[in-house]
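In the working numbering, the protein residues as written are 50 to 485.
Where is the CB? At the ideal position from N, CA and C, for every residue including glycine.
From a predicted model like this one, the values you see are computed outputs, not experimental measurements.
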């Protein structure tokens, strides 16, 4: 697609949609195929640009990939003979670091390009290095690569206290543990749904894992893991975006297979505080945008930063996911009142408010990680260059749908990294979108 789209808003979105499968789940689960010489079958795989890059990296390592069926993929790694991830592809996305654990388990070493991807501060792979080092792995840097090397004689037991509850560091170390003969205990482990799904895949391949859904995992692996099948659940971030789309357009959208309170319950409760009506019907939910978006500072139970000023702060799971925060900012622009939003995780994660303010939002930046949103506003449209961050672009896109104005968004192709068919999906709900 072209990187520029023109959106004419003010149309209530109506219809039935199936949210995309969880991209974060699949980009971790695909490298897990390297842990076995048996075939791993993946169902319901979104063909987003990030996923396509991961599949290409696996092929370049020597794996056999059968992906002729739409959204179904079979991977066999019996002929993989390299522990070096392609530098060109690996530099494009941070998810390339997820090859470190499986390649370490298979070869005792891994060479990973220093990952790029979304420009969200200086996190890069520090949490991974910390966790792997505590599991006896030596990490060095040379020629743009991080070189991970396992000890020749690993200890029987490693007790790893993570620097932070990092999702990807937890997944990476779990994959390494699943493919070794050691027992590794991970404390301050992440427990997000996509972590749980990856651990379930590792279990089905033959790893012994205790503590799933908790912050302390005990993993006892095996050098001979089996084949398995894997199906990711719907993406909570896409679900959140569709809920906001229904709200800001005063629409009514049915989300297929999303009546899962165990996964989405906390997310739904937050959106319901804004007056959004979310009703379960069988395995689906129906989302109806309210006539007036309003979060009552006194009755909602939301913490207050000051009198009459509700405070929205994402938290590690089971708290509200930080990746949904940008679209909450768009929702807050339509809220009848003020709201403080804090992004403590990413030091540049709120920079996209410049673009929202250019469209008519009234957002004040208190410091790089805190903003105050004043609503409601009517967006005025215009020409915007989106930042190269998926969810920031999504927030701008949803703002463009809200009012009867035309917005031209340059750089919208970044959304294809997570939402391969987003234009078709939203046009199917009634949105007016032109590709320039």
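Three-way DSSP call (helix, strand, coil) for residue i in this model
i	result
residue 406	helix
residue 263	coil
residue 166	Bear in mind that the predicted position of residue 166 carries a pLDDT of just 43, short of 50, making it unreliable; the figure below should be weighed with that in mind. Reduced to three states, the DSSP call for residue 166 is coil.
residue 387	strand
residue 95	coil
residue 415	strand
residue 290	helix
residue 279	strand
residue 22	Nothing about residue 22 can be reported from this structure: the residues present for the chain run from 50 to 485 only.
residue 392	coil
residue 239	coil
residue 326	strand
residue 194	strand
residue 64	strand
residue 101	helix
residue 397	coil
residue 321	helix
residue 148	helix
residue 171	Low confidence applies to residue 171: its pLDDT is 36, below 50, so where it sits in the model is not reliable enough to give any reading.
Best match in the options for proximity to residue i [C-alpha to C-alpha]
i	options	result
residue 459	404, 478, 427	404
residue 427	398, 381, 390	381
residue 363	356, 286, 433, 387	286
residue 314	270, 368, 411	368
residue 250	352, 75, 125	75
residue 532	384, 80, 205	Nothing can be reported for residue 532: it is not among the residues displayed for the chain, which extend from 50 to 485.
residue 435	206, 473, 375	375
residue 127	276, 410, 418	276
residue 129	205, 114, 312	114
residue 462	455, 395, 484	484
residue 280	295, 301, 253, 269	253
Buried versus exposed call for residue i [16 or more other C-beta atoms within 10 Å across all chains shown]
i	result
residue 120	exposed
residue 242	buried
residue 68	buried
residue 393	exposed
residue 131	exposed
residue 348	exposed
residue 155	buried
residue 413	exposed
residue 330	exposed
residue 148	buried
residue 350	exposed
residue 383	buried
residue 332	exposed
Length of the line joining the Cα atoms of residue i and residue j
i	j	result
residue 305	residue 334	7 angstroms
residue 449	residue 159	44 angstroms
residue 471	residue 373	16 angstroms
residue 273	residue 289	39 angstroms
residue 354	residue 360	5 angstroms
residue 88	residue 220	20 angstroms
residue 209	residue 198	17 angstroms
residue 298	residue 452	7 angstroms
residue 141	residue 442	18 angstroms
residue 480	residue 144	32 angstroms
residue 98	residue 437	14 angstroms
residue 168	residue 475	In this prediction, residue 168 scores a pLDDT of 42, lower than 50, which makes its location untrustworthy; the coordinate-derived value is nonetheless stated afterwards. Going from the Cα of residue 168 to the Cα of residue 475 covers about 26 angstroms.
residue 103	residue 477	29 angstroms
residue 173	residue 222	16 angstroms
residue 398	residue 391	10 angstroms
residue 482	residue 90	36 angstroms
residue 291	residue 100	21 angstroms
residue 59	residue 211	47 angstroms
residue 379	residue 175	31 angstroms
residue 303	residue 473	16 angstroms
residue 352	residue 406	25 angstroms
residue 63	residue 153	48 angstroms
residue 284	residue 265	24 angstroms
residue 95	residue 72	7 angstroms
Test: residue i CB closer than 9 angstroms to a CB of chain D
i	result
residue 207	Absent from the structure: chain D. Only one protein chain is present.
(request) Evaluate the contact criterion for the stretch 255-263 versus the stretch 335-345: three or more CB pairs, one atom per stretch, below 8 angstroms. (result) Per the Cβ contact rule, the stretch 255-263 is not in contact with the stretch 335-345 (fewer than 3 Cβ pairs under 8 angstroms).
(message) Under 8 angstroms, with one C-beta from each stretch per pair, do the stretch 414-433 and the stretch 463-470 reach the 3-pair mark?
(response) Output reads no: the stretch 463-470 does not touch the stretch 414-433.
(message) When you compare the stretch 176-184 with the stretch 102-110, are there three or more beta-carbon pairs, one atom per stretch, that lie closer than 8 angstroms?
(response) No, the stretch 176-184 is not in contact with the stretch 102-110.
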